[in-house]
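Keeping their order, the protein sequence lines are chains P and X.
Read the first sequence against our numbering and you will find it ends at 194, with the numbers running on by one and no gaps.
Read the second sequence against our numbering and you will find it ends at 194, with the numbers running on by one and no gaps.
Where is the CB? At the ideal position from N, CA and C, for every residue including glycine.
See below for the structure under consideration.
2 protein chains.
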Amino acid sequence: MSKESRHAIRPRTLEAILDAAIRLFNADSGVTMTDIAKAAGVGRATLHRHFQDKDDLIQTLSARCMEEMNAAVRATDIPDEPAVKRLHAMLKSAIPLGDRFAFLSFERMEGEDLQSDYEEQLDWTTALIEQLKTEQAIATDVPTSWAVAQVDQVIWTAWTAVWNSELTPDEAANLALRTLLNGLS
Amino acid sequence: MSKESRHAIRPRTLEAILDAAIRLFNADSGVTMTDIAKAAGVGRATLHRHFQDKDDLIQTLSARCMEEMNAAVRATDIPDEPAVKRLHAMLKSAIPLGDRFAFLSFERMEGEDLQSDYEEQLDWTTALIEQLKTEQAIATDVPTSWAVAQVDQVIWTAWTAVWNSELTPDEAANLALRTLLNGLS
DNA sequence: CTAATATGATACATAGTTGTCTCATATTCT
DNA sequence: AGAATATGAGACAACTATGTATCATATTAG
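Laid out in structure tokens, this is it:
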């Protein structure tokens, strides 16, 4: 959003645009600016007023999603709790944000900030896995990278199940926790 | 491939096109016919000679990938073996076909044949899960749809790990099997 | 070798998307 | 109420991807 010097954006306009964009991109990657404008109930010119590029919009959206995920995870980060409890808390708050998660895996990450935010997220999960190992909640001979990948994937699977109305968010989080702890032991 | 009545296609030309298309689509969904032609080392006109549409190309490609996956899975389908062994055999042959698997999840499935091929695949996995339950290899209170989703996801995770040179195909298959059996128990 | 034909290169028309600009209207702020 | 300004609608140009047609060349088959 590099054009905000020329025009302020109204909060509900911004939200409508970003919400619509997330929704559309999650359904189909070949989304046009016109599609987004229509879905947001906003004039097409308004998009170009506030976003220099389509890339600019995507990057803004990526940053937003990444921040929401990071914030949700950080909120569960209570150092004194055992790792299993922290994992469960993380799953419970991350799974409902599956659309944000999905967006981040669909679009390529450009920009230094975004990249470092992603690495922070990765480091956080890696640290959690290692703590789970020291607490003997999971096996030490499982490669950490495998465990981290499993955590990411299970969030995605859980969100999909919730999305398909096969599970409630809590059921999904419980199943995800159980699948991870057993699966990596 | 509805235009083959007018022009025969040379086998190596077809293979070059399909290989390039799979490779490019797996890296980025916004692939143009020009990109595919260049990557295949083939004239752009040749693509339009043999594929009525871009959709036609994608559909042909989807069908090809689906067939390869089905064939690989069917080859492991030895009814007399225990379900655990069949699962392991399936993982070992499916994981190296991760690019085919990826293509199928990226592109929307159109066409009746493709849809029924997909359902056949889904039914196969569902049956395997239920057999694993009767053999008490996994817990019966785990929703079958969750287990099926886990199988699909773990193939993807395993392939990614192999792709990143973090694991060998055999290591990945073993880890995948272990993760599934423990995770769903 | 020779005929048939699949391919490559190029030019071309078409359609869709992007991005800019302008002006009237609606919204917000004082 | 009145001023400032964000928005919507539309016209516009530039660019890109798609798809067609043609002809010379390379490949294959008989």
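Within chain P, the residues whose beta carbon sits less than 8 Å from that of X/L189 are G192, listed in sequence order. Annotated three-state conformation of X/A146 is coil, per DSSP.
A check of alpha carbon separations from P/A167 across P/N183, P/V157 and P/A158 identifies P/N183 as the nearest.
Closer than 7 Å to the CB of X/Q145 there is not a single CB belonging to chain P. Ranked by how close their Cα comes to the Cα of X/E90, the residues X/T188, X/Q140 and X/I18 have X/Q140 in first place. The Cβ atoms of P/T188 and X/G192 sit closer than 7 Å to each other. If you ignore the 5 residues before and after X/T169, its C-beta comes within less than 8 Å of the C-beta of G107, all in its own chain and listed in chain order. With a 10 Å radius around the Cβ and a threshold of 16 neighbouring Cβ atoms, P/R117 comes out exposed. Cβ atoms of X/L137 and X/L96 come within 8 Å of each other, at about 6 Å.
For the region 135–166 of chain P, the residues whose beta carbon sits under 8 Å from a beta carbon of chain X are, in order, V151, P152, S154, W155, A158, Q159, Q162, V163, W165 and T166.
P/T69 sits buried, since 16 or more C-beta atoms from the chains shown fall within 10 Å of its C-beta. The C-beta separation of P/I26 from P/A49 comes to about 5 Å, placing the pair in contact by the 8 Å criterion. Within the region 15–49 of chain P, those residues whose Cβ lies closer than 9 Å to any Cβ of chain X are, in chain order, D37, S38 and G39. Measuring C-alpha to C-alpha distances from X/Y127 to each of X/V171, X/Q145, X/V82 and X/A146 identifies X/V82 as the nearest. Distance from the Cα of X/E77 is smallest, within the candidate group X/T153, X/L123, X/A158 and X/A17, for X/L123. P/F34 sits close to P/F112, with the two beta carbons spaced by under 7 Å.
It is roughly 15 Å from the alpha-carbon of P/L23 to the alpha-carbon of P/R15. Neighbours of X/E175 in chain P, taken as residues at a C-beta separation under 8 Å, are given in chain order as P152, S154 and W155. Neighbours of X/T169 across chain P, judged by C-beta separation under 7 Å: A158. The region 99–162 of chain P is shown to contain no whole beta strand (DSSP E) run of 3 or more residues. Distances from the alpha-carbon of P/N173 to those of X/L186, X/A158, X/P178 and X/A181 put X/A158 closest. Closest in C-alpha terms to P/K142, from the list P/E129, P/L190 and P/L66, comes P/L190. At a cut-off of 7 Å between C-beta atoms, P/L131 does not count as an interface residue with respect to chain X.
DSSP places X/N173 outside both helix and strand once states are collapsed to three, so it counts as coil. The continuous alpha helix (DSSP H) containing P/S71 extends over residues K63 to A84.
Distance from the CA of X/A72 to the CA of X/F60, rounded to the nearest whole angstrom, comes to 14 Å. Under the three-state reduction of DSSP output, X/P20 falls in the helix class. Under the Cβ distance rule, X/L186 does not count among the residues neighbouring chain P, no pair being separated by less than 7 Å. One Cα belongs to X/W133, the other to P/A146, and the distance between them is close to 33 Å.
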